[in-house]
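Notes follow once the structure below has been shown.
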DNA sequence: CATGAATGAGTATTCATTCAT
DNA sequence: GATGAATGAATACTCATTCAT
């Protein structure tokens with residue numbers, strides 16, 4: 005019944021604090037170049053303490069990835085199921101939402117780091133494919149099919165269309181994480197505007213009745 | 005007149021052999037996780053021999069990247085300058101050619117590894133942006149503008165269109181290098197067919213007078 | 005109030021233990037020929053532990069030199085300032101004291117090793133010149149001048165006299181450290197007796213009124 | 005009967021050229037810090053060629069030391085045996101000659117390097133003691149005794165006197181080689197003048213009838 | 001539980017030495 | 001003989017992990 009002591013509160017928050025620290029540092033410097041002591045320090049604990057929560061650097065990495073995946077997919081799927089109206093609008097809206105919530109923030113770094121470390125963590129790569137990539141494609145693919153079914157979209161092949169919807173965002177994400185400091189092509193346009201324009205371009209090719217330009 | 009000795013022949017080939025070994029291993033395992041001795045072994049020489057040709061692992065990495073870049077860009081630019089006819093055809097053809105020559109083979113790994121290691125080699129990242137990314141964008145962007153100018157394309161904004169043309173290929177490349185072993189979505193379609201379909205989709209949105217489907 | 009744990013006690017003693025081990029080994033085998041692991045082993049710790057205390061072999065060397073210098077100079081200077089009486093006696097006494105405290109023990113090895121490694125550590129060489137050699141010469145030179153001023157010594161040139169006072173001791177020191185095992189000339193006379201005799205000889209040339217032999 | 009070809013002449017000179025290169029580099033940088041390739045380069049030959057003349061770096065070092073020792077001792081001994089006149093003059097003259105021929109030039113570096121590397125080359129240390137140190141002491145000691153016998157010197161103990169005659173020169177030699185770049189005390193006096201003054205001081209204590217100052 | 005001192009396996013790099021040409 | 005390409009033993013240093021306090 006007694007309220008949790010500050011110490012207890014602290015302790016309960018530890019795993020998440022470590023995960024957050026790991027996320028930030030792994031994204032910034034990569035897995036190999038991040039020392040476990042740095043992560044502990046950033047989380048405000050001593051080196052040894054980290055190992056009370058995660059038995060190894062590898063396990064911490066896996067936990068960090070799992071913690072940052074599949075956050076928004078179920079959410080988006082539910083949203084999509086309920087939605088009624090033009091699919092094109094929903095797609096555009098979902099892209100913007102994903103960029104705002106995932107792509108832009110640190111969590112987007114997980115996409116990059118998964119790509120980088122996939123070879124080292126095959127188990128995690130499979131997990132990522134099964135839990136993130138495949139569901140995401142299924143979600144988008146389902147929407148494309150709904151669009152075709154309701155006559156909104158032309159009868160395009162689904163898989164390439166899904167790729168065309170996903171690729172630009174992921175590419176922007178990776179590019180910013182890798183060359184953001186060196187390629188200042190985005191001075192003229194914000195990432196959001198760029199996404200919008202890309203979406204418009206794609207939808208123009210997708211819609212059965214393109215808007216008059 | 006004297007024929008080069010086998011030893012000499014061997015010596016002349018060494019740098020390229022080391023570069024090839026480095027490419028394969030860096031792509032497969034990442035920079036940090038690749039031991040310099042492994043590279044030497046794969047090139048069929050002893051540890052110390054590597055250092056006769058490249059003074060450090062870092063320099064070897066840089067040489068490897070430089071060796072695999074700027075090979076196809078000038079080539080494509082020349083081809084584009086001479087071309088007369090529908091831009092759409094040229095674009096489609098260039099994409100296929102790039103995929104066949106770069107994306108598919110080991111050289112494509114350089115794109116992945118640059119993305120992965122850019123943070124560790126800022127100097128190299130800048131080089132890559134200046135020598136590869138910027139020229140590539142300029143080339144594609146120029147073609148898009150020619151297409152618009154000759155009335156073939158709708159008056160779309162150039163930059164997002166360039167992204168839409170580049171992203172799918174790069175995304176496929178990275179995806180295959182990272183999750184190829186785990187994501188078997190490509191069983192049904194070959195990468196080439198996928199690219200074709202993506203291109204068709206995009207061009208449909210791009211062309212002033214889309215073909216009747 | 006809490007007693008320091010054995011571990012803590014150990015930790016506090018480590019730096020000195022490492023310094024002592026380094027002194028012994030560097031003197032015995034030279035800087036380059038001493039492996040850092042040997043030093044650690046001699047101090048009773050593992051390789052890695054050494055690097056917790058000194059960031060590199062170079063820094064360990066520097067710390068070791070600093071730890072063994074400037075200990076006796078200030079002491080001797082104070083002693084000299086207070087002294088009243090025949091300078092000759094003071095000089096003789098100081099020589100004997102220096103030999104007993106520095107020349108004979110391990111600390112004397114620092115003189116040898118500084119001589120040996122000065123080329124490799126120019127910064128340290130300057131430190132040694134400024135902190136040890138120059139003050140020592142100043143101290144001895146001051147005493148010679150006092151001796152001349154009070155009519156005890158002939159009006160000899162100061163600098164050569166200082167050299168004549170210092171050289172024999174240093175020469176003995178270096179000789180013992182280098183050839184002690186091979187040159188058994190000292191069987192007949194102890195180092196102390198030899199020093200005494202050398203001193204007597206020099207003073208005989210120095211004193212305005214030599215003792216009748 | 006045919007005159008030796010230039011190539012032959014070159015070959016005959018090789019060992020000495022290698023020895024000279026080794027001397028210069030070992031003195032300048034120390035044994036461990038001198039790479040055998042540097043020595044070869046300085047002698048104008050390739051790395052492998054060095055090993056045709058000396059089977060190892062160690063052997064080259066030993067040969068270099070032997071080549072530079074015992075050059076002037078026999079000579080001086082002969083000179084001393086013939087000499088008639090005041091011993092003090094002979095001693096002063098021998099010191100100056102030794103400094104000019106050995107101490108000053110590169111050959112003097114051998115004294116330093118012997119001191120440095122004695123522990124690593126015990127066999128060489130013994131050789132040095134037997135061939136250089138002991139004969140030198142014997143030569144000087146004999147002169148001191150002659151001086152005493154002919155009433156020129158006071159009846160001083162021989163061994164300490166020998167030390168007092170040798171130490172200043174050796175000390176100057178070592179000091180210059182180690183701290184020459186950092187200790188500019190010799191600005192006011194040349195080494196030769198310093199030696200002269202030291203000698204005068206010592207002789208004043210040595211002579212039965214000191215000159216009136 | 002938390003800590004951080006201690007550990008030692010693992011790696012990049014150097015350089016004396018060999019030997020095919 | 002002379003060369004210099006190739007070798008691999010040797011070593012400084014790092015950092016994930018352990019465990020006594």
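Chains as they are written, first to last, in my numbering: chain U, 5 to 217; chain E, 5 to 217; chain A, 5 to 217; chain G, 5 to 217.
Built from N, CA and C at the ideal position, the CB exists for glycine as well.
Unbroken alpha helix (DSSP H) run spanning residue i, endpoints
{"i": "residue 177(A)", "result": "162-183"}
{"i": "residue 131(A)", "result": "126-132"}
{"i": "residue 116(A)", "result": "112-121"}
{"i": "residue 65(G)", "result": "61-72"}
{"i": "residue 105(A)", "result": "Unbroken run through residue 105(A): none, as it is neither H nor E."}
{"i": "residue 186(G)", "result": "No alpha helix (DSSP H) holds residue 186(G); DSSP gives it neither H nor E."}
{"i": "residue 193(U)", "result": "Premise fails: residue 193(U) is in no alpha helix (DSSP H) and is neither H nor E."}
{"i": "residue 76(U)", "result": "Looking at the DSSP string, residue 76(U) is not in any alpha helix (DSSP H), and its letter there is neither H nor E."}
{"i": "residue 139(E)", "result": "138-153"}
{"i": "residue 55(A)", "result": "51-57"}
{"i": "residue 46(G)", "result": "40-46"}
Straight-line gap, residue i to residue j (C-alpha atoms, nearest Å)
{"i": "residue 90(E)", "j": "residue 101(E)", "result": "17 Å"}
{"i": "residue 233(G)", "j": "residue 86(G)", "result": "Nothing about residue 233(G) can be reported from this structure: the residues present for chain G run from 5 to 217 only."}
{"i": "residue 124(A)", "j": "residue 11(A)", "result": "36 Å"}
{"i": "residue 199(A)", "j": "residue 134(G)", "result": "23 Å"}
{"i": "residue 103(E)", "j": "residue 40(U)", "result": "40 Å"}
{"i": "residue 94(A)", "j": "residue 50(U)", "result": "57 Å"}
{"i": "residue 186(A)", "j": "residue 73(A)", "result": "28 Å"}
{"i": "residue 212(A)", "j": "residue 155(A)", "result": "7 Å"}
{"i": "residue 132(U)", "j": "residue 30(U)", "result": "17 Å"}
{"i": "residue 97(A)", "j": "residue 45(G)", "result": "53 Å"}
{"i": "residue 184(E)", "j": "residue 115(U)", "result": "15 Å"}
{"i": "residue 111(E)", "j": "residue 55(U)", "result": "40 Å"}
{"i": "residue 38(E)", "j": "residue 26(E)", "result": "9 Å"}
{"i": "residue 158(U)", "j": "residue 164(U)", "result": "13 Å"}
{"i": "residue 69(E)", "j": "residue 71(G)", "result": "52 Å"}
{"i": "residue 105(A)", "j": "residue 23(A)", "result": "18 Å"}
{"i": "residue 122(A)", "j": "residue 117(E)", "result": "46 Å"}
{"i": "residue 28(A)", "j": "residue 136(A)", "result": "20 Å"}
Buried/exposed call for residue i, threshold 16 Cβ in 10 Å
{"i": "residue 182(A)", "result": "buried"}
{"i": "residue 152(U)", "result": "buried"}
{"i": "residue 202(A)", "result": "buried"}
{"i": "residue 92(A)", "result": "buried"}
{"i": "residue 75(E)", "result": "exposed"}
{"i": "residue 60(G)", "result": "exposed"}
{"i": "residue 188(A)", "result": "exposed"}
{"i": "residue 80(E)", "result": "buried"}
{"i": "residue 5(E)", "result": "Because residue 5(E) carries a pLDDT of 49, less than 50, the predicted location of this residue cannot be relied on, and the following value inherits that uncertainty. With fewer than 16 Cβ atoms within 10 Å of its Cβ, residue 5(E) is classed as exposed."}
Cβ pair residue i, residue j closer than 8 Å
{"i": "residue 171(E)", "j": "residue 171(U)", "result": "yes"}
{"i": "residue 143(U)", "j": "residue 43(U)", "result": "no"}
{"i": "residue 48(E)", "j": "residue 21(E)", "result": "yes"}
{"i": "residue 168(A)", "j": "residue 206(G)", "result": "yes"}
{"i": "residue 173(U)", "j": "residue 113(U)", "result": "no"}
{"i": "residue 33(A)", "j": "residue 128(A)", "result": "no"}
{"i": "residue 57(E)", "j": "residue 18(E)", "result": "yes"}
{"i": "residue 145(U)", "j": "residue 160(U)", "result": "no"}
{"i": "residue 141(G)", "j": "residue 166(G)", "result": "yes"}
{"i": "residue 82(U)", "j": "residue 147(U)", "result": "no"}
{"i": "residue 175(U)", "j": "residue 208(E)", "result": "no"}
{"i": "residue 36(G)", "j": "residue 36(A)", "result": "yes"}
Residue i: CB within 7 Å of a non-hydrogen atom of the ligand ATP
{"i": "residue 65(U)", "result": "Summarising the ligand content, the structure contains no ligands, and the ligand ATP is consequently not present."}
Chain G contacts from the stretch 130-163 of chain A (Cβ-Cβ distance under 8 Å) = 130, 132, 133, 137, 138, 141, 158, 159, 160, 161, 163
Please list the residues of the stretch 169-181 of chain E that have a C-beta atom closer than 9 Å to any C-beta atom in chain U, keeping them in chain order.
-> 170, 171, 172, 173, 174, 175, 176, 178, 179, 181
Name, going along the chain, the residues of the stretch 91-117 of chain E whose beta-carbon falls closer than 7 Å to a beta-carbon of chain U.
-> none
Scan the stretch 56-76 of chain G for residues whose Cβ lies nearer than 9 Å to a Cβ of chain A and list them as they occur along the chain.
-> none
Near-chain E residues of the stretch 31-49 of chain U - C-beta to any C-beta below 9 Å = 32, 33, 34, 35, 36, 37
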